[in-house]
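Only one structure is covered here, and it is reproduced in the block below.
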Amino acid sequence: MTDTEATPAGDETLEQQLEEMLEIETFDPPESFVEHALLSDSAVYEEADADWKGWWVKQAKELHWFTEPTKDLNDSDPPFYKWFEDGKINASYNCVDRHVEAGNGDRVAFYWHGEEGESREITYADLHRDVQKFANALKDLGIEKGDVVGIYLPMIPEVAVAMLACARIGAIHNVVFGGFSADSVKERMEIAEAKALVTVDGARRKGKTAPVKQQVDKAVSDLDSLKHIVVVQATNADCEMQDGRDVWYHEICDAADDECPAEELEAEHPLYILYSSGSTAAPKGILHTTGGYLTGVAATHRYVFDLKPESDVYWCSADVGWVTGHSYIVYGPLANGATSVMFEGAPDYPHKGIWWELCEKYKVTLFYTAPTAIRACMKWGVEHVEKFDLSAMRLLGSVGEPINPKAWLWYYKVIGGERCPIVDTWWQTETGAIMITPLPGIVSTKPGSATRPFPGIEADVVDESEGKPIDEGQGLLVVTRPWPSMLRTLYKDDERFIETYFSKFGKETYLVGDAARKDEDGYFWIIGRIDDVVNVSGHRLSTAEVESAIVSHGKVAESAVIGQADEDVGQAICAFVTLEGETEGTDELVEEIRARVGDRIGKFARPKRIIWADDLPKTRSGKIMRRLLRDVAEGKALGDVTTLRDPDVMQQLEGKIKEEQASEQ
Ligand code: PRX
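Residue numbers for the sequence shown follow the numbering used here, beginning at 1 and rising by one.
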């Protein structure tokens, strides 16, 4: 049978098989996997529970310390916790030097694969050389311990080098995801008072090259704190270099000394800031420090992925610009001496099977991606997968949003060949490392559940009003013990840190911001955010951030944004927009508003749907009732609207939605 003949019938039977598999509630770890698993005895949970601080100390000891810590947790001033505070450590040393010194310099750290099929093998020895050079180059520019360095790069090896070079000298990196706009870069550099920014001449996406440096120039021209822009020459896109401020990455590396010993830093020395979205328009600068963070990411990466660094090839398909990339492309895997794939491109370029082609090429054994990507692959069809040999694969991971059971089963069957355990890992930018997850050699999985907390972590589901644990039904997810990789504060904003995470149930209970439930086996099922945060394709966005971009358009009077359930991206942005005066809502205006959001935040934040509204539903105190907007957008019957200042508003909106639906048919 040829491929084309096989496709429709093949897909149909697969569909039936998946339907039948939906009946299966639990999947035990495959015996062949358990036999060789790093952890296969559930006693590890009891051991960690009995002495959770001791458990983390044991994990910390797996790292290299210049000075071994004698202290575990300092909890004298909650919620400002300190871990291993008298230890001296360096993240770059742990990720690079240690492996070279152990004789593993020839081991590949990254198999980098470019969009147009180029490939580069970067060994640990290569990283060692490049990181030292760039660290010295940064020093030559005057960057010192404690300075903030922005990084705005695509998925090229230099992004890892730049992060590690900062870590080496104690500079704090502040990476901005390449999909964010130059305006967002400016905002993040400004609040963090970055002294230098490492960027690129241009970036490639699906066969096209877009200028990056040019855009950055326009955005940052009046930023006085930014003294240097380092430009990686990646595409030869046109870019002007400003004398005295801009330098080429390759030139400053060439001129720098070869050797740069890693700084002996305190365990609590800041490693990085990563801005993430919260309930208000201003992004939160989540601050992670060195010793505890590295302990958390290395331990979880080792045990959740059952990593055997000598034989595994690991691939996390995230972008380095998100926390998943920080923890599970750079710090976790490198601290463990893993060999990883790093891919520059999109999952459907040059063809829809490129991921699987690369899995075959590099014999990937451990694969970590997001549910939104799995759903896209399901849509494209199994024929794009079946062409490739995935027999090396032995474990699959999921992160970023709840995975629907159908996607879980498809992943399990089509990618994992029904022999690979799936680890559905729940965590956040704030938590630094994976928090709720199966241990693949121990925990039976249930499609859609992240199962149970990682050893040493204690989490619960509590009721909203009093914070009491609840056994049945939905409640708020909380973490009830400190953990080493937790955020230490919001950069320069301790008050907001306390207010956001530690005010609802006191300073010892971390409020996650997600709703969840626990089942009869104590398994956690994450439902989604309880705040005004939308999860688009696993990218976290605040509704307020999008609203403020929309109202910056001169013709817009007001806007309210909601996340609407979406088959492809999980949640899609839907914006209700009230226009100024007599302005008419036109298709042209829709495009202008979308473009405005693209410029202010990034293309991924553009609203999928814009609904023109004469007015928005508000309470008497002026608060927008988003719940009603969600209901009306989804065509649901409206509940009680009597608390609204003007109940007629909802009727008008209902009428609009009906008109919209009628014109679509
Ligand atoms: O709502 C949860 C969801 O993603 C949020 C964290 O987003 P961010 O900080 O951008 O980090 C994403 C990658 C770690 C959480 O509050 N989330 C993350 N993983 C899962 C998830 N929801 C359900 N299941 C998951 N496995």
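For glycine and all other residues, C-beta sits at the position ideal for the given N, C-alpha and C.
Exercise for review: Please name the residue in 634, 601 and 625 whose C-alpha comes closest to that of residue 609.
Suggested key: 634
Check your understanding: Between residue 458 and residue 481, which are expected to be in contact by the criterion C-beta below 8 Å, what is the C-beta distance as a whole number of angstroms?
Key -> 4 Å
Check your understanding: On the three-state DSSP scale, how would you describe residue 204?
Key -> strand
**Study point:** At least three beta-carbon pairs within less than 8 Å, the stretch 590-610 to the stretch 183-198
**Key:** yes
Review point. The alpha helix (DSSP H) with residue 589 in it runs from where to where?
Key: 587-600
Review point. Which partner residues does residue 540 have in the DSSP bridge list?
Key: 535
Check your understanding: For the candidate residues 543, 236, 595 and 586, whose alpha-carbon lies nearest to that of residue 624?
Key -> 543
Point to revise | residue 657 versus residue 616 - alpha carbon distance | key: 14 Å
Exercise for review: Would you check if the distance between the CB atom of residue 249 and the CB atom of residue 230 is smaller than 8 Å?
Suggested key: yes
Practice item. Could you tell me whether the stretch 387-402 touches the stretch 341-361, using the rule of 3 or more Cβ pairs below 8 Å? Key: yes
Review point. Hey, would you say the C-beta of residue 671 is under 7 Å away from at least one heavy atom of the ligand PRX?
Key: Given a span of 1 to 665 for the chain in the structure shown, any question on residue 671 remains unanswerable.
Exercise for review: Inspect the beta-carbon positions of residue 80 and residue 72 and report whether they are closer than 8 Å.
Suggested key: no
Review point. Beta carbon of residue 425: closer than 7 Å to some heavy atom of the ligand PRX?
Key: yes
Exercise for review: Grab me the residues of residue 100's own chain with a C-beta within less than 8 Å of its C-beta, minus the 5 sequence neighbours each way, in chain order.
Suggested key: 124, 125 and 128
**Study point:** Test item: CB-CB of residue 477 and residue 514 under 8 Å
**Key:** yes
Check your understanding: For the ligand PRX, is there a heavy atom less than 7 Å away from the beta-carbon of residue 400?
Key -> yes
Exercise for review: Flag residue 571 as yes if its beta-carbon sits less than 8 Å from any beta-carbon of chain C, otherwise no.
Suggested key: Absent from the structure: chain C. Only one protein chain is present.
Check your understanding: Within 10 angstroms of its Cβ, does residue 620 collect 16 or more other Cβ (buried), or is it exposed?
Key -> exposed
Practice item. Determine the DSSP secondary structure at residue 90, reduced to helix, strand or coil. Key: coil
Check your understanding: Which one or two residues does DSSP pair with residue 550 in a beta bridge?
Key -> DSSP output for residue 550 lists no bridge partner at all.
Exercise for review: Go ahead and pull the three-state DSSP assignment for residue 22.
Suggested key: coil
Review point. On the three-state DSSP scale, how would you describe residue 121?
Key: strand
Exercise for review: Check whether the Cβ atoms of residue 668 and residue 285 sit closer than 8 Å, and answer yes or no.
Suggested key: With the chain running from 1 to 665 in the structure shown, residue 668 is simply not present.
Check your understanding: Closer than 7 Å: is that where the CB of residue 428 sits relative to any heavy atom of the ligand PRX?
Key -> yes
Check your understanding: Quick one: Cα of residue 244 to Cα of residue 228, how far?
Key -> 8 Å
Review point. Under three-state DSSP, which class holds residue 562?
Key: strand
Check your understanding: Would you say residue 149 and residue 196 are within 8 Å of each other, going by their C-beta atoms?
Key -> yes
Check your understanding: Quick one: what's got a C-beta closer than 6 Å to residue 236's C-beta in the same chain, skipping five residues either side?
Key -> none
Point to revise | Length-filtered (3 minimum) beta strand (DSSP E) runs lying within the stretch 415-457 | key: 422-425
Review point. What do you reckon, is the C-beta of residue 526 under 7 Å from a heavy atom of the ligand PRX?
Key: yes
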